[in-house]
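**Q** Just dropping this structure here.
2 protein chains.
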Amino acid sequence: MNTPADPMLPVPEIPHNHKQCVHDALKMAELLCVERGVQLTAIRHQVLELIWESHKAVKAYELLDRIRPLQAAAKPATIYRALDFLLAQGLVHRVESLNAFVGCSCSGHQHEQLLLICKQCEEVEERMAAEVMQVLAEEFRQAGFAAHSKAIEVHGLCKKCVG
Amino acid sequence: MNTPADPMLPVPEIPHNHKQCVHDALKMAELLCVERGVQLTAIRHQVLELIWESHKAVKAYELLDRIRPLQAAAKPATIYRALDFLLAQGLVHRVESLNAFVGCSCSGHQHEQLLLICKQCEEVEERMAAEVMQVLAEEFRQAGFAAHSKAIEVHGLCKKCVG
DNA sequence: CTGTTATAAGATATATTATAACATTCGCCC
DNA sequence: GGGCGAATGTTATAATATATCTTATAACAG
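So the sequences go chain by chain: A and B.
According to our numbering, the first sequence is numbered sequentially starting from 10.
According to our numbering, the second sequence is numbered sequentially starting from 10.
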């Protein structure tokens with residue numbers, strides 16, 4: 010079942026401490042919002058926390074269901090407004106191809122990202138992929154195209170699921 | 010209003026003969042369907058033709074409105090089924106980020122594509138971008154990711170609109 | 001021509017995703 | 001504590017997509 014270690018791959022995976030991971034993301038979000046003078050209100054914070062429950066992309070109406078224990082009166086607009094805010098602050102990404110949302114794992118920087126979306130476990134890995142972005146930029150230049158969007162989504166099987 | 014010619018850009022644009030362009034695309038579609046032993050039925054042909062009316066990405070319900078003069082009884086499923094077929098045959102692309110559809114300009118080949126989506130004129134340019142795909146493949150290897158999807162969508166301003 | 005099988009299309013209903021519009025409340029500044 | 005803008009509540013509806021069941025047609029063998 011297990012494939013032998015690939016000599017090309019660097020260090021073996023550090024086991025993922027998700028509690029820590031979420032904690033860091035939330036702390037970072039709080040910090041950034043203070044810095045920027047915008048309000049990470051209770052609802053927005055809760056939505057962000059719900060999104061970070063896993064690394065899977067999560068749907069708006071799923072968030073709605075999951076926030077109801079905390080916000081009994083929540084309506085679609087409640088979620089979409091929180092999402093609008095979080096997207097604007099770069100704290101989450103919208104996964105266009107899934108109509109779903111995922112926490113941004115490097116919220117500090119404005120950046121282009123590559124999103125690797127696993128069809129099996131549904132987790133989304135975010136990568137900077139500087140070289141890809143650079144080659145893309147050259148392609149845009151050739152096409153005379155002024156790119157705005159900054160996310161590239163690719164579906165497939167992640168390392169854990171491809172085994 | 011006009012920007013001077015950019016010395017980096019190759020030949021000036023060949024004026025686009027859209028009638029020819031559509032004709033070619035439809036002929037190619039007919040040929041491929043015969044080759045593959047699948048049926049390009051009247052509805053499917055009409056939908057493909059409607060999609061090719063422009064190089065803009067077109068919405069399913071817009072197609073529905075536009076096919077009604079020809080197919081008075083058309084319902085959402087009519088369009089979605091035709092689209093499913095056309096997508097399966099690689100004759101059109103789904104633009105995930107717009108929930109819209111656009112004709113595939115190189116239907117013959119199975120291939121990876123870069124879709125340059127103009128925010129202003131809404132046209133979609135399809136490019137092979139071999140080098141981009143190659144660098145991406147290397148990135149996937151590093152991530153241990155087995156990519157399935159083959160389309161990359163980028164929003165921005167096209168050559169005509171950026172001027 | 002007729003029966004058989006597979007595929008396509010019609011028809012209805014409903015699920016899912018997202019926004020509009022307007023009212024109300026909250027938090028902050030003065 | 002009054003005014004202002006941001007945030008949230010509330011209701012309604014728009015836009016996108018699929019499920020399911022029925023009916024029709026194509027293709028082909030006998």
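Backbone N, C-alpha and C fix where the C-beta goes; we use that ideal spot for every residue, glycine too.
1) In this structure, does DSSP put alanine 102 of chain B in helix, strand or coil?
2) Thinking C-beta only, is glycine 99 of chain A closer than 7 angstroms to lysine 168 of chain B?
3) I need the DSSP call for proline 16 of chain A, collapsed to helix, strand or coil.
4) Rounding to the nearest angstrom, what Cα-Cα distance links histidine 64 of chain B and isoleucine 52 of chain B in this structure?
5) When the Cα of tyrosine 127 of chain A is compared with those of B/Leu125, B/His32, B/Ala156 and B/Cys30, which residue comes out closest?
6) For phenylalanine 110 of chain A and glutamate 58 of chain B, I'd like the C-alpha separation in whole angstroms.
7) Looking at glycine 144 of chain B: is its Cβ nearer than 7 angstroms to the Cβ of glutamate 134 of chain A?
8) Within its chain, find whatever has a CB closer than 7 angstroms to the CB of glutamate 105 of chain B; leave out the 5 residues flanking it on each side and keep chain order.
9) Taking 7 angstroms as the CB-CB limit, is leucine 57 of chain B close to chain A?
10) Nearest to asparagine 108 of chain B by alpha carbon, out of B/Ile76, B/Leu72 and B/Glu147?
11) Based on the DSSP output, what are the partners of glutamate 162 of chain B in its beta bridges?
12) For chain A, is any of its Cβ atoms less than 7 angstroms away from the one on serine 114 of chain B?
13) Look at the Cβ atom of alanine 91 of chain B, then the Cβ atom of valine 47 of chain B, and state whether they are nearer than 7 angstroms.
14) Could you name the residues of the stretch 140-159 of chain B whose beta carbon sits closer than 7 angstroms to any beta carbon of chain A, in the order they occur along the chain?
15) Check for me: the beta strand (DSSP E) holding glutamate 177 of chain B runs from which residue to which?
16) Rounded to whole angstroms, what's the CA-CA distance from leucine 123 of chain B to arginine 150 of chain B? Just pull it up for me.
17) Name, in chain order, the residues that DSSP records as bridge partners for lysine 65 of chain A.
18) Short check: CB of alanine 34 of chain A to CB of glycine 112 of chain A, under 7 angstroms?
19) Who are valine 111 of chain B's beta bridge partners in DSSP?
20) Just the C-alpha distance for cysteine 42 of chain A and valine 67 of chain A, rounded to the nearest angstrom, thanks.
21) What does DSSP give as the partner residues of alanine 86 of chain B in its beta bridges?
**A** So, to answer that:
1) Note on residue identity: the sequence assigns histidine, not alanine, to residue 102 of chain B. It is a strand residue.
2) For the pair lysine 168 of chain B and glycine 99 of chain A, the CB atoms are not nearer than the 7 angstroms cut-off.
3) No answer about proline 16 of chain A holds up, because its pLDDT of 47 lies below 50 and its placement is not dependable.
4) Their Cα atoms are separated by approximately 20 angstroms.
5) For the record, residue 127 of chain A in the displayed sequence is cysteine; it is not tyrosine. With distances taken between CA atoms, cysteine 127 of chain A lies nearest to B/Ala156 out of B/Leu125, B/His32, B/Ala156 and B/Cys30.
6) Between the alpha carbons of phenylalanine 110 of chain A and glutamate 58 of chain B lies a gap of roughly 35 angstroms.
7) The identity of residue 144 of chain B in the sequence shown is valine, whereas the question assumes glycine. No, the pair does not count as a contact, with Cβ atoms beyond the cut-off.
8) If we look at glutamate 105 of chain B and ignore the five residues flanking it on each side, its Cβ neighbours are Glu162.
9) It does not; no Cβ of chain A falls within 7 angstroms.
10) For asparagine 108 of chain B, the nearest C-alpha among the options comes from B/Leu72.
11) Glutamate 162 of chain B pairs with B/Leu124.
12) Serine 114 of chain B does not count as touching chain A.
13) The Cβ atoms of alanine 91 of chain B and valine 47 of chain B lie no closer than 7 angstroms to each other.
14) If the cut-off is 7 angstroms between Cβ atoms, the stretch 140-159 of chain B has Glu140, Val141, Val144, Leu145, Glu148, Ala152, Gly153, Phe154, Ala155, Ala156, His157 and Ser158 near chain A.
15) The structure shown does not extend to residue 177 of chain B, since chain B spans only 10 to 172, so no value can be given for it.
16) Near 20 angstroms, if we compare the C-alpha coordinates of arginine 150 of chain B and leucine 123 of chain B.
17) Looking at the DSSP output, lysine 65 of chain A sits in a beta bridge with A/Glu132.
18) It is a contact, given that the beta carbons lie within the stated cut-off.
19) Paired residue(s): B/His102.
20) Computed Cα separation, rounded: 23 angstroms.
21) Answer is none; alanine 86 of chain B lacks a bridge partner.
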